[in-house]
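S.K.:
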Amino acid sequence: AQSVTQLGSHVSVSEGALVLLRCNYSSSVPPYLFWYVQYPNQGLQLLLKYTTGATLVKGINGFEAEFKKSETSFHLTKPSAHMSDAAEYFCAVSGEGYSTLTFGKGTMLLVSP
Amino acid sequence: DAGVIQSPRHEVTEMGQEVTLRCKPISGHNSLFWYRQTMMRGLELLIYFNNNVPIDDSGMPEDRFSAKMPNASFSTLKIQPSEPRDSAVYFCASSPDSGNTIYFGEGSWLTVV
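Chains as they are written, first to last, in our numbering: chain G, 17 to 129; chain D, 28 to 140.
1) State the DSSP-derived secondary structure class of R38 (chain G), mapped to helix, strand or coil.
2) Name the chain G residues that come within less than 7 Å of T128 (chain D), Cβ to Cβ?
3) Within the continuous beta strand (DSSP E) that includes P97 (chain D), where are the two ends?
4) Any C-beta of chain D sitting closer than 8 Å to the C-beta of K121 (chain G)?
5) Under 8 Å Cβ-Cβ, which residues of chain G neighbour F58 (chain D)?
6) Could you tell me which residues DSSP pairs with P108 (chain D) in its beta bridges?
7) In the DSSP assignment, find the beta strand (DSSP E) that holds F90 (chain G) and state where it starts and stops.
8) Tell me whether G59 (chain G) is buried or exposed, calling it buried when 16 or more other Cβ atoms sit within 10 Å of its Cβ.
9) Specify whether the region 60-73 of chain D and the region 99-119 of chain D touch according to this definition: at least 3 beta carbon pairs, one from each stretch, less than 8 Å apart.
10) Compute the Euclidean distance between the alpha carbons of V39 (chain D) and T47 (chain D), then round it to the nearest angstrom.
11) Once DSSP output is grouped into helix, strand and coil, what is the label at D83 (chain D)?
12) Where DSSP assigns a beta bridge to I32 (chain D), which residues make up the other side?
13) What residue from G:S115, G:E87, G:F79 has the CA that sits closest to W51 (chain G)'s CA?
14) Hey, is the region 98-113 of chain G in contact with the region 38-51 of chain G, meaning 3+ C-beta pairs nearer than 8 Å?
15) Once you ignore the five residues that flank S58 (chain D) on each side, which residues in its own chain have a CB closer than 6 Å to its CB?
16) Reducing DSSP to helix, strand and coil, say where K84 (chain G) ends up.
17) Look up R68 (chain D) in the DSSP assignment and give the residues it is bridged to.
18) Can you tell me whether D26 (chain D) is buried or exposed? The criterion is at least 16 other CB atoms within 10 Å of its CB, across all chains shown.
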């Protein structure tokens, strides 16, 4: 069984500030981990993913995430927020033997000037 | 490159009517997924096809819902009869690697009144 917990349904930051969106997972197999972003009235777009190898993963738009097995975490970060980053972010887990993603509830990122 | 194409983008229908949502996956992808997104329940997997064969339909809410994939380039999700609680955004997604990386369509916004 797999599950994802995203801490905080809403996160507010100022433009230029650090973005940190938290994701913890549970998986009975080595996990594959994903972050997706959803802009208003649009579908989900893949930001980055971890399957195997390097635990620090870089994605699009300056985002990165680090897989920490000991903490069962895959937090998403960006050094400096931009107004255009305002969107909903979803963490998801899959894994070898699983062909489907289990999504978290999502975190809405609000960016103020 | 064309992404996952869904139609209609928006549909408003009366309770009891049949609703058919359509999806064209990305060419060459071997897996197709239907997800439903609501405020209350977040993103839920409804059904998953691999090589046009339904693999997991445990997420289909009830017999009113049915999905088909007659060929590799087309899938439908049908609701008959529709009910107001079916109002949601329905996403189709496809994958080239059996779910390792999933690409989403823009979604079909369904309102049942």
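Here a beta-carbon is modelled for each residue, glycine too, at the ideal position from N, C-alpha and C.
M.R.: Taking the definition as stated:
1) For this step, residue 38 (chain G) is matched to residue 22 along the first sequence. Correct three-state label for R38 (chain G): strand.
2) As a first step, residue 128 (chain D) must be located in the second sequence, where it is residue number 101. Ordered by position in chain G, the residues that pass the 7 Å Cβ test against T128 (chain D) are L62, K65.
3) On the second sequence, residue 97 (chain D) is found 70 positions in, with the first residue counted as 1. Start and end: 92-98.
4) Indexing the first sequence from 1 puts residue 121 (chain G) at position 105. Judged by the 8 Å Cβ criterion, K121 (chain G) is in contact with chain D.
5) Working through the second sequence from its first residue, we reach residue 58 (chain D) at position 31. Going by the sequence as given, residue 58 (chain D) is Ser instead of Phe. Here the neighbours are S115.
6) Along the second sequence, read from residue 1 onward, the residue named residue 108 (chain D) stands at position 81. In the DSSP assignment, P108 (chain D) is bridged to no other residue.
7) Locating residue 90 (chain G) in the first sequence gives position 74, counting from the first residue. Counted as a single uninterrupted DSSP element, the beta strand (DSSP E) harbouring F90 (chain G) occupies residues 89-94.
8) The residue given as residue 59 (chain G) occupies position 43 in the first sequence. It is buried - the Cβ of G59 (chain G) has at least 16 other Cβ atoms within 10 Å.
9) Short answer: they touch.
10) Residue 39 (chain D) sits at position 12 when you count from the first residue of the second sequence. Residue 47 (chain D) sits at position 20 when you count from the first residue of the second sequence. The alpha-carbon atoms of V39 (chain D) and T47 (chain D) are separated by roughly 12 Å.
11) What you label residue 83 (chain D) is simply residue 56 of the second sequence in a count that begins at 1. In the structure shown, D83 (chain D) sits in a strand (DSSP, three-state: E or B).
12) Your numbering for residue 32 (chain D) matches position 5 in the second sequence. Beta-bridge pairing links I32 (chain D) to D:K51.
13) Walking along the first sequence from the start, residue 51 (chain G) turns up at place 35. The alpha carbon of W51 (chain G) has as its nearest neighbour, out of G:S115, G:E87, G:F79, the alpha carbon of G:F79.
14) A contact is defined here as three or more CB-CB pairs under 8 Å, and the region 98-113 of chain G meets this definition with respect to the region 38-51 of chain G.
15) Here residue 58 (chain D) is taken as the residue at index 31 of the second sequence, counted from 1. In chain order, N77, S122, S125, G126 place their CB closer than 6 Å to the CB of S58 (chain D), counting only its own chain and leaving out the 5 sequence neighbours on each side.
16) For the purposes of this step, residue 84 (chain G) is taken as residue 68 along the first sequence, with counting starting at 1. Here DSSP, grouped into helix, strand and coil, assigns K84 (chain G) to strand.
17) For this step, residue 68 (chain D) is matched to residue 41 along the second sequence. In the DSSP assignment, no residue is bridged to R68 (chain D).
18) This structure cannot speak to residue 26 (chain D), because chain D is shown only from 28 to 140.
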